[in-house]
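In terms of the working numbering, the sequence shown opens at residue 1262 and continues consecutively.
Backbone N, C-alpha and C define an ideal beta-carbon position, used for all residues, glycine too.
Since the structure is predicted, the reported quantities are computational estimates derived from the model, not experimental observations.
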Amino acid sequence: MENNGLRVFIVDDDELILDILSDILHDDCQVETFASGEACLTRLADAKPDMFLLDVNMPGMDGYTLCTRLKEDWETQDIPVFFLSGDDDIETRLLCYEAGGDDFILKPFKPAELTRKLKVARRILAEKKALHDQAGYATRTAMSAMTSMGELGVVLQFLSKSFACNSMDELGASILEAMQQYDLQSAVRLSMGDQVRCMSPNGHDLPLEVGVLNHVQHSGRIFQFKTRCVFNYGQVTLMVNNMPLEDPERCGRIRDNGALLAEGADARLRAIEAEQSAQRRRSGIEAALPRVHATLDAVQSNYRRNCFELTQVMIEFQEALVKTYIHMGLTDDQEEQMTTTASAYMQRMVGTQDESLKIDGQLEALAGELQELVKR
């Protein structure tokens, strides 16, 4: 892996784990290790890392508490925190998420997993830097919007803007923008066919966030757990992380408006899916039309060739029949009867060809109708 120069602080009370992680990350990172959360906090007075690796269970200050302290300090709140734990259950992952963690590494871990996680950390850092650059503008825009419209107006504005959204990313960004106008921290999961997109102000498809959203999507239409409230509508899961429990009336309004927003988002997402499906069908018809016309041309060419060959065969048959009469010693009535019979069958053959020509015309008309449908 390319040396990215990340500075990593590792906190774990197990010296063996510290040694293993140091060996794995030594070539790619500047590593400092700490046996306790208190030692790490002391070091932060002089230096700040690019990311933290925190053990969940430690004597004294555990990983959750340390992470919460880091996220409450404006100097360290944007530094990614990766948790280390041997417990792979939803409760542990939720606690890591609530504390502000960005990812979760299950013990025992493999060097390849850590390498991949470092790539994730680099992406998170780049996204957060971009978010910081836009923070001032976003804050001014949100405050202006909240001043100029009521809480229901945010939903109405979102519904209006959603009609211009033509992809999951655009719709997800509009949902998050609406929630930011309520001064709410949120994350959203959108699914369309086999595609799934998880988004929040922290970035796209962050591993720990994806795990939590995948879990809560099965928690019912509206589900609240402490300061977190989840809205599940069809293909949309909207999760609010900081419900203002100290203001019950505002919580009630948020639940009402959040449900409206999620339901509207689901309707628009289904419309986007239908539009994309129609576009794929239209593209398929457009791709098939040249082949249809080519096939019709080949059928018509083959019909003309068959007509000519059949005409030649009938002429030759009539000539051969007349010559045969000379050697058969037939009476005039017998020759007339045979000639009439032969002509009747040849007329039936010509009629059959004419029917084939009608079908060819019907196919050509159908191709024309498909061409007109594509133009609409």
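Opening and closing residue of the alpha helix (DSSP H) in which residue i lies
i: S1544; result: P1509 to M1589
i: S1447; result: Run containing S1447: none in the alpha helix (DSSP H); it sits in the beta strand (DSSP E), S1447 to M1453.
i: M1440; result: M1429 to Q1442
i: C1301; result: G1298 to L1305
Own chain partners of residue i with C-beta closer than 8 Å, once the 5 adjacent residues on each side are dropped
i: T1337; result: L1305, K1309 and L1331
i: L1367; result: S1346, G1347 and D1349
i: G1433; result: V1449, L1451, R1458 and M1460
i: F1424; result: R1529
i: A1387; result: none
i: G1513; result: none
Reduced DSSP secondary structure (H/G/I, E/B, other) of residue i
i: S1283; result: helix
i: I1366; result: strand
i: Q1291; result: strand
i: C1490; result: strand
i: S1405; result: Reliability fails at S1405, whose pLDDT of 46 lies under 50, so the model's placement of it is uncertain and no value is given.
i: H1465; result: strand
i: L1315; result: strand
i: M1504; result: coil
i: F1419; result: helix
i: G1208; result: Limits of the chain in this structure are 1262 at one end and 1637 at the other, which puts residue 1208 out of reach.
i: G1472; result: helix
i: D1594; result: helix
i: V1308; result: Looking at the sequence itself, residue 1308 is Ala, so the reference to Val does not match. Three-state DSSP puts A1308 in coil, outside helix and strand.
i: S1480; result: coil
i: A1605; result: helix
i: G1411; result: coil
i: A1387; result: helix
i: L1624; result: helix
i: D1275; result: coil
i: A1425; result: coil
Close beta carbons around residue i, own chain, < 6 Å, minus the five adjacent residues each side
i: V1317; result: G1324, F1344 and S1346
i: G1525; result: L1420
i: M1575; result: M1607
i: N1502; result: Q1446 and R1489
i: I1436; result: V1449 and A1526
i: Y1358; result: L1469 and V1473
Beta-carbon proximity list for residue i, same chain, < 7 Å, skipping 5 on both sides
i: L1342; result: Before going further, note that residue 1342 is Val rather than Leu in the sequence given. Here the set comprises F1313, L1315, C1328, L1331, G1361, G1362 and D1363.
i: H1554; result: A1628
i: T1294; result: I1271, L1279 and S1283
i: H1588; result: none
i: E1374; result: I1366
i: V1477; result: F1484, V1491, T1498 and M1500
i: K1378; result: F1343, D1364 and I1366
Range covered by the beta strand (DSSP E) that runs through residue i
i: Q1456; result: Q1456 to S1461
i: Q1485; result: I1483 to F1486
i: T1498; result: V1497 to V1501
Residue(s) in a DSSP beta bridge with residue i
i: F1270; result: E1293 and F1313
In chain order, which continuous runs of the beta strand (DSSP E) of length 3 or greater are located wholly inside the segment 1317-1379? 1342-1346 and 1364-1367
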